[in-house]
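Notes for the one structure printed next.
There are 2 protein chains.
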Amino acid sequence: MEYSSNQVSKMSGVSARTLRYYDEIGLLKPARIASSGYRIYGQAELDTLQQILFYKEMGFSLTDIRKLLSAPDFDREQAFMNHLAELSKKRERLDTLIETVTKSIAALRGEQTMSDKEKFRGFKQAMIDENEHQYGTEIREKYGEEAIERSNARIKGMTHERYAEGERLRQEAEDTLKAALEIGDPAGELAQKACDLHGKWLAVFQPEYNKAYHKSLGELYVADERFKVYYDKIAPGCAEFLRDAINIYCAG
Amino acid sequence: MEYSSNQVSKMSGVSARTLRYYDEIGLLKPARIASSGYRIYGQAELDTLQQILFYKEMGFSLTDIRKLLSAPDFDREQAFMNHLAELSKKRERLDTLIETVTKSIAALRGEQTMSDKEKFRGFKQAMIDENEHQYGTEIREKYGEEAIERSNARIKGMTHERYAEGERLRQEAEDTLKAALEIGDPAGELAQKACDLHGKWLAVFQPEYNKAYHKSLGELYVADERFKVYYDKIAPGCAEFLRDAINIYCAG
DNA sequence: AGTTGACTTTGACGCAGCGTAATACTTTAT
DNA sequence: ATAAAGTATTACGCTGCGTCAAAGTCAACT
């Protein structure tokens, strides 16, 4: 079935102007261009638009959305599962906001006291600080590491410099890790250097370095299949090796 | 208790740049400027910032937020009650989105069929069309007519022209209504003219004029204290008069 | 007191993601 | 055939900041 841009616009609520913009930036190309010059969309395009709107709902930039959708391993069913989880978290944030309102009313009426910090619980900006550890990690494994770091960088207002530094550290940590794995000594100088770099990478995104968290992250890399797969792509056995090296590093 | 902009920023998650911008546009002035030139915020400013963030959460522009907050009849407790209601509606929208995802998954697996229109249920843009009647009315009475019409205009992508036409019609309807009230005949030419204008104003925001809706709106103006207050500000007894005039108009 | 790093200001440029509008061509309905 | 609706391209502008440079202020340390 085919649709004109007006029909797609009415169906989705996205303006025709927006559809043209999406075509222009390569985010959503029409199925074909009629002899009149009119854009014609098909089933696949509607499905893509739906995905775009879900990612927009999660706060991704159009550039990031394009990357995610064009990744060779993009899987629609997996994406839906991710949307489901994220919508649930978003719903929780709304619950927190609702709680903030009810508490604010009670405070206004003198029925209870409320700290100034509490007044901002649930707002998007404040949520980043509260949930950075879990938020970052969970999204990262679901959506891919690069897109997440970009998303986090944008949300947190990190400078390009700082973000680039994080990228450099991560890349160097992984390269060092790979070299250390060839030697095979988690207590060795190279492995400990990799851990040091890894910790520095971690510190770019956290208020400050936390040894316990670093250690638990190493365990997570082994315990969670998806992380394990990610690291074993660097080299087989990498996840366990890094976990062991981190344990030694944090014990030192 | 006083706070520096850094402290407010950390507490609320709003950047210092944003705080400066809010000061610049008159949205959130600091309590005072220290001798150093630094902005110092107090309790009242924190409370105002909280309100700003709630309205932003509802999608209001900063200009509209400033108008709402500076209105002589702005009441914080009433505002909280409104935020509560709006957050609930927002939560319902999320539920609809979640439903859309689960249905999409089922459709993907071939377990059920899904129309193309259904794929977009719950997205912000699509929600406007589905709920315009109730959505517009409820927000209007809660937040003030002008702000709502501006908000709706923005959301719906109305042209400035069309919006201005709606404004002109509303103003003329109210002026005519006032003059008709002085005559005192709801069936009179002037009163019926006011109803005609009022109906035309209604039609600017609806897909098409609906007599039943127009009539129920007249009843609402009398039944709901806040509407009654609004119209009786034009002239005492105005709400009932308009309700009566509309009933006659719609019976004609 | 001097130094350094963190904090804060003002001024200014640029960006994402469109909305709006003009002009001209195409399609649809009467 | 005509008029209205639909659609394209081109181009400007807007909101709400993010980023950055330059300079002043504050706080902690030596």
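Chains as they are written, first to last, in numbering that gives the first Met the number 0: chain A, 0 to 251; chain B, 0 to 251.
Ideal placement from N, C-alpha and C gives every residue a C-beta, glycine not left out.
Problem set entry | A/E91 classed as buried or exposed, judged by whether at least 16 other C-beta atoms fall within 10 angstroms | Burial call: exposed.
Exercise. In chain A, which residues lie with their C-beta within 8 Å of the C-beta of B/R75?
Worked result: L107
Exercise. With a CB to CB cut of under 6 Å and the five nearest residues on each side skipped, what residues in its chain are close to A/R169?
Worked result: W200
For this session: State the CB to CB distance for the pair A/E171 and A/L196, rounded to an integer number of angstroms; the pair is presumed to be in contact (CB under 8 Å).
Result: That belief holds up - the Cβ atoms of A/E171 and A/L196 are roughly 5 Å apart, short of 8 Å.
For this session: Using 10 angstroms around the beta-carbon of B/N81, count the other beta-carbons present and answer buried if the total reaches 16, otherwise exposed.
Result: buried
For this session: Look at the alpha carbon of B/L61 and the alpha carbon of B/A178, and state the distance between them as a whole number of angstroms.
Result: 36 Å
Problem set entry | Rounded separation between B/T17 and B/L68 - CA only | 18 Å
Problem set entry | Three-state class that DSSP yields for B/I39 in the structure shown | Reduced to three states, the DSSP call for B/I39 is strand.
Problem set entry | Contacts around A/N246, its chain only, beta-carbon distance under 7 Å, and the 5 residues preceding and following it disregarded | K214 and G217
Problem set entry | Inter-residue CB distance, A/A250 and A/A193 (contact presumed, cutoff 8 Å) | Rounded, the Cβ-Cβ distance is 16 Å, inconsistent with contact.
Exercise. Can you tell me whether A/P71 is buried or exposed, with buried defined as 16 or more other CB within 10 angstroms of its CB?
Worked result: exposed
Exercise. What does B/H82 touch in chain A if you count any residue whose Cβ is under 7 Å from its own?
Worked result: V100
Problem set entry | Residue-level contact to chain A via CB, B/A250, 8 Å cutoff | no
For this session: Taking B/F79 and A/I104 to be in contact with their CB atoms under 8 Å, please state how far apart those CB atoms are, rounded to whole angstroms.
Result: 5 Å
Exercise. Is DSSP giving B/R65 helix, strand or coil here?
Worked result: helix
Exercise. Candidates A/K116, A/D184, A/P235 and A/E1: which alpha carbon is nearest A/R31's?
Worked result: The shortest Cα separation from A/R31 among A/K116, A/D184, A/P235 and A/E1 belongs to A/E1.
Problem set entry | Endpoints, alpha helix (DSSP H) assigned at A/L93 | R75 to L107
Exercise. Is it true that the CB of B/A238 sits closer than 8 Å to the CB of B/V221?
Worked result: yes
For this session: With DSSP collapsed to three states, give me the class of A/R19.
Result: helix
Problem set entry | Cβ shell of A/A15 (< 7 Å), same chain only, five flanking positions each side left out | S4, N5 and S8, listed in sequence order.
Exercise. Taking 8 Å as the CB-CB limit, is B/S35 close to chain A?
Worked result: So, not an interface residue.
Exercise. Taking A/M10 as the reference, which of A/I182, A/Q42, A/E117 and A/L83 has the closest Cα?
Worked result: A/Q42
Exercise. Does the count of Cβ pairs from the stretch 86 to 100 of chain B and the stretch 111 to 123 of chain B closer than 8 Å reach three?
Worked result: yes
Exercise. At least one CB of chain B closer than 8 Å to the CB of A/K118: is that the case?
Worked result: Yes, because at least one Cβ of chain B sits closer than 8 Å to the Cβ of A/K118.
Exercise. What three-state label does DSSP hand A/R120 in the structure shown?
Worked result: coil
Problem set entry | Sequence-distant residues of its chain with Cβ nearer than 7 Å to A/E44 (five each side left out) | L27, P29 and A30
Problem set entry | B/D46 versus A/L48: straight-line alpha-carbon distance, rounded | Approximately 39 Å, taken between the alpha carbons.
Exercise. Who are the Cβ neighbours of B/R65 in its own chain at under 6 Å, not counting the five residues just before and after it?
Worked result: Cβ within range, chain order: L26.
For this session: Run the CB neighbour count on A/D63, radius 10 Å, all protein chains shown included, and call it buried at 16 or more, exposed below.
Result: Under this definition A/D63 is a buried residue.
For this session: Identify which residue in B/Y230, B/T101 and B/A84 has its Cα closest to the Cα of A/S87.
Result: B/T101
For this session: Could you name the residues of the stretch 82 to 97 of chain A whose beta carbon sits closer than 8 Å to any beta carbon of chain B, in the order they occur along the chain?
Result: From the stretch 82 to 97 of chain A, only H82, L83, L86, S87, K89, R90, L93, D94, L96 and I97 have a Cβ closer than 8 Å to chain B.
Exercise. Looking at the C-beta of A/M113, does it have a partner C-beta in chain B at a distance below 8 Å?
Worked result: No, A/M113 does not count as interfacial toward chain B.
For this session: Kindly indicate which three-state DSSP category B/S11 falls into: helix, strand or coil?
Result: helix
For this session: Starting from B/E239, follow the alpha helix (DSSP H) in both directions and report where the run begins and ends.
Result: Start and end: C237 to A250.
Exercise. Closest by CA to A/G236, which one among A/L189, A/R38 and A/P185?
Worked result: A/P185
For this session: Could you have a look at B/S114 and say whether DSSP puts it in helix, strand or coil?
Result: coil
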